[in-house]
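Trainee: Numbering (my numbering), first residue to last: 175 to 562.
By construction, the Cβ of each residue, glycine as well, lies at the ideal position given by its N, Cα and C atoms.
Model, not experiment: these values are computed from the prediction.
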Amino acid sequence: MTVVYYMQVAFLDVSIELINVLKKHVQLHVLIELTPHGRNMTILEIDQFPEGKTLVKPEEILTRESYQNLKPYFNGAASVHFVIHPHKTGFSYSTLQVSFNVWKYIRQFRPDIIHFETFSLRAIGMLLYLKAFKNVCITIHDPVPHSGEDSWKISLPRTFFFNMPVKKNYLFYSHFAKKQFEQHYKKRKQTKMVLKMSPYGYLQKLVTAEQEKKKHILFFGRLSPYKGIDDLLQAMPEVFREFPQEKLIIAGKRFPGFAINDGMLSTYKNNITLIEKHIPNDELATLIQEAKFIVCPYKDATQSGVLMTAFGLKTPVIATDVGSFPEFIKHDVNGLLVPPSDPEKLAAGIRFALRNDHYKTLAQNINHHQVEELWSRNTEILLHAYAS
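(1) I need the DSSP call for Q182, collapsed to helix, strand or coil.
(2) Report the rounded CA-to-CA distance for A484 versus I468, giving the unit in angstroms.
(3) Unbroken alpha helix (DSSP H) runs of length 4 or more, entirely within the region 243-314: which are they?
(4) If I measure Cβ to Cβ from E234 and keep anything under 8 Å in the same chain, skipping five residues before and after, which residues do I get?
(5) From the DSSP output, which residues share a beta bridge with V128?
(6) Determine, using beta carbons only, whether H390 and E464 come nearer to each other than 9 Å.
(7) Helix, strand or coil: which one does DSSP assign to L406?
(8) So is E518 buried or exposed if we call it buried at 16+ other beta carbons inside 10 Å?
(9) From this set, L202, G299, K534, which residue's C-alpha is nearest H289's C-alpha?
(10) Where do the N-terminal and C-terminal ends of the alpha helix (DSSP H) with K519 fall, by residue?
(11) How would you label N337, buried or exposed, when you count the other beta carbons within 10 angstroms and need 16 or more for buried?
(12) If contact is defined by three or more beta carbon pairs under 8 Å, each pair taking one atom from either stretch, is the region 496-505 in contact with the region 350-368?
(13) Applying the 10 Å Cβ sphere with the 16-neighbour rule, what's the burial state of E420?
(14) Where do the N-terminal and C-terminal ends of the alpha helix (DSSP H) with T476 fall, by residue?
(15) What are the boundary residues of the alpha helix (DSSP H) that includes N552?
(16) Taking only three categories from DSSP, how would you classify A425?
(17) Helix, strand or coil, according to DSSP, for Y359 in the structure here?
(18) What separation, rounded to the nearest whole angstrom, lies between the Cα atoms of F293 and M181?
(19) Is it right to say F256 is buried, meaning 16 or more other beta carbons lie within 10 angstroms of its own, or is it exposed?
(20) Shortest alpha-carbon distance to E546 belongs to which of L458, S515, T460, G375?
(21) Report the partner residues of K342 according to the DSSP bridge assignment.
(22) By DSSP, does F230 sit in helix, in strand, or in coil?
(23) To which residues of the same chain is T380 closer than 7 Å at the C-beta, ignoring the five residues directly before and after it?
(24) Use the C-beta contact count for P331: other C-beta atoms within 10 angstroms, 16 or more gives buried, fewer gives exposed.
(25) Could you check whether the region 193-200 touches the region 217-232, counting it as contact only if at least three pairs of C-beta atoms, one from each stretch, sit closer than 8 Å?
(26) Just to confirm my understanding: we take N194, look at its own chain, exclude 5 residues before and 5 after, and list those with CB closer than 7 Å. What are they?
(27) Can you find the residues in the same chain that come closer than 7 Å, C-beta to C-beta, to K305, ignoring five residues on each side of it along the sequence?
(28) Where does T333 sit, in a helix, a strand or coil, going by DSSP?
(29) Taking only three categories from DSSP, how would you classify K466?
(30) Pick helix, strand or coil for T494, following the three-state DSSP scheme.
(31) If we call anything under 9 Å between Cβ atoms a contact, is L270 one with C311?
(32) If I'm right that Q354 touches V318 with Cβ under 8 Å, what's the distance once you round it to whole angstroms?
(33) Report the rounded CA-to-CA distance for F414 versus R238, giving the unit in angstroms.
(34) Mind checking if Y400 is an interface residue toward chain C, Cβ cutoff 9 Å exclusive?
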């Protein structure tokens, strides 16, 4: 079976785990959509954005260190290429030309399946060629856009992809996401399957084996309205009253137009540090390893790459009881769950984790032993989806 796996850079953290197992069972051709905006996102670090090429091999574009870290995941795949979209606009003649060039490449090996790890406006050009495949699989990360992030750039490609008259299967990374999709897209009767997320292993190789001293509380990821950063900042004064020396680090790039309470940052400048930039992999790995725990005070969520990245480094998470967090966090076992949009309860949870270093007990309960078993099960589900 020959499979084209078409993905976006933003989901590379979960996708490399899938590539790592799937390449052992099918002829896997990986295509990673890359734009000027996405050159340094998630675990990817680009040396120089290429010009004049549509398909570029990883070793031609990645920094030396990034390529060496990703090489074990890519080795064994039939091919791996970045799909270069040089135009900043999401849909244009340029994006259609890129899709045509991609089709000219993949039709050479007559693939059976195309699997989209979600899709963007730039992938609309691929719709023209979907009827050439026996089956189309689409992984849906967020059935409903997050608060403050909805736009026509999300809704338009969904309209096209969901209504394209080809054989389709839908895949999800949580039961919550599947249920949310079924509620909002009642007319979609195609097969729907759930893959079980497991802790990401990518950053493990970037940290020392020695136990680092735990120095801070950490929030990391895109700084966006739905992430509940305002609730976190409102919660922290209560934490600092009980633990006046405690440190909070907020690290990530800001979503356009999102405002952070600068007054709170100024008032607690000795306790709160804002690192507003793309966080390189080695720096992120160190921040997580040195964290007592991660906070995810989200107002809404589906599944969370932040959660799986934290668990990959055996760092517990305090999260709001929204989305799929309850599917992965067992309260007061491997983390804590608190009500959303409730700074008082969030503060109580943080203080509870800090008292008597309770976060250390939570960390000890993060289970890595089932990772291989989970991905074996996921592989079976994927192969079934491809064959159905």
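Mentor: Taking the definition as stated:
(1) Numbered from its first residue, the sequence shown carries residue 182 at position 8. Reduced to three states, the DSSP call for Q182 is strand.
(2) As a working note, residue 484 is residue 310 in the sequence shown. As a working note, residue 468 is residue 294 in the sequence shown. Computed Cα separation, rounded: 7 Å.
(3) 267-280
(4) Here residue 234 corresponds to residue number 60 of the sequence shown, with the count starting at 1. P224, listed in sequence order.
(5) Nothing in the structure corresponds to residue 128, since the chain is present only between 175 and 562.
(6) Position 216 of the sequence shown, counted from the start, is the residue given in the question as residue 390. Position 290 of the sequence shown, counted from the start, is the residue given in the question as residue 464. Taking 9 Å as the Cβ cut-off, H390 and E464 qualify as a contacting pair.
(7) Taking the first residue of the sequence shown as position 1, residue 406 is located at position 232. DSSP places L406 in helix when its eight states are reduced to three.
(8) Within the sequence shown, the letter at position 344 stands for residue 518. Classification for E518: exposed.
(9) Translated into the one-based positions of the sequence shown, residue 289 becomes position 115. The candidate whose alpha carbon is nearest that of H289 is L202.
(10) Counted from its first residue, the sequence shown places residue 519 at position 345. K519 -> alpha helix (DSSP H) spans 517-528.
(11) If you number the sequence shown from 1, residue 337 lands on position 163. Its Cβ having fewer than 16 others within 10 Å, N337 is exposed.
(12) yes
(13) What you label residue 420 is simply residue 246 of the sequence shown in a count that begins at 1. Per the 10 Å Cβ criterion, buried.
(14) Working through the sequence shown from its first residue, we reach residue 476 at position 302. Careful: T476 lies outside any alpha helix (DSSP H) and carries neither H nor E.
(15) Position 378 of the sequence shown holds residue 552. Where N552 is concerned, the enclosing alpha helix (DSSP H) stretches over 545-561.
(16) Your numbering for residue 425 matches position 251 in the sequence shown. Strand, per DSSP.
(17) To locate residue 359, count along the sequence shown from 1; it is residue 185. Coil at Y359, not helix or strand.
(18) Translated into the one-based positions of the sequence shown, residue 293 becomes position 119. Translated into the one-based positions of the sequence shown, residue 181 becomes position 7. Cα-Cα distance, rounded: 7 Å.
(19) By one-based count along the sequence shown, residue 256 stands at place 82. The residue in question, F256, is buried, as its Cβ has 16 or more Cβ neighbours within 10 Å.
(20) As a working mapping, residue 546 is identified with position 372 in the sequence shown. When each option's Cα is compared against that of E546, the closest is G375.
(21) On the sequence shown, position 168 is the one that residue 342 refers to. Note: K342 sits in a beta bridge opposite V310.
(22) As a working mapping, residue 230 is identified with position 56 in the sequence shown. Here residue 230 turns out to be Val, not Phe, going by the sequence shown. Looking at V230 - three-state DSSP - the assignment turns out to be strand.
(23) Position 206 of the sequence shown holds residue 380. A quick correction: the sequence has Leu, not Thr, at residue 380. Only N455, D456, A459 meet the Cβ criterion.
(24) Start at 1 with the first residue of the sequence shown, and residue 331 comes out as number 157. So P331 ends up on the buried side.
(25) no
(26) Counting from 1 along the sequence shown, the entry for residue 194 is found at position 20. Closer than 7 Å at the Cβ level, and outside the excluded window around N194, lie Y247.
(27) As a first step, residue 305 must be located in the sequence shown, where it is residue number 131. Excluding the 5 residues flanking it on each side, K305 has same chain C-beta neighbours closer than 7 Å at V340, in chain order.
(28) In the sequence shown, residue 333 corresponds to position 159, counting from 1. If DSSP states are grouped into helix, strand and coil, T333 belongs with the helices.
(29) On the sequence shown, position 292 is the one that residue 466 refers to. Note: K466 maps to strand in three-state DSSP.
(30) Stepping through the sequence shown from its first residue, residue 494 is reached at position 320. Note: T494 maps to strand in three-state DSSP.
(31) One-based indexing of the sequence shown puts residue 270 at position 96. One-based indexing of the sequence shown puts residue 311 at position 137. It is not a contact, given that the beta carbons lie outside the stated cut-off.
(32) By one-based count along the sequence shown, residue 354 stands at place 180. By one-based count along the sequence shown, residue 318 stands at place 144. Rounded, the Cβ-Cβ distance is 6 Å, consistent with contact.
(33) Counted from its first residue, the sequence shown places residue 414 at position 240. Counted from its first residue, the sequence shown places residue 238 at position 64. Rounded to whole angstroms, the gap between the alpha carbons of F414 and R238 is 42 Å.
(34) In the structure shown, chain C does not exist; there is a single protein chain.
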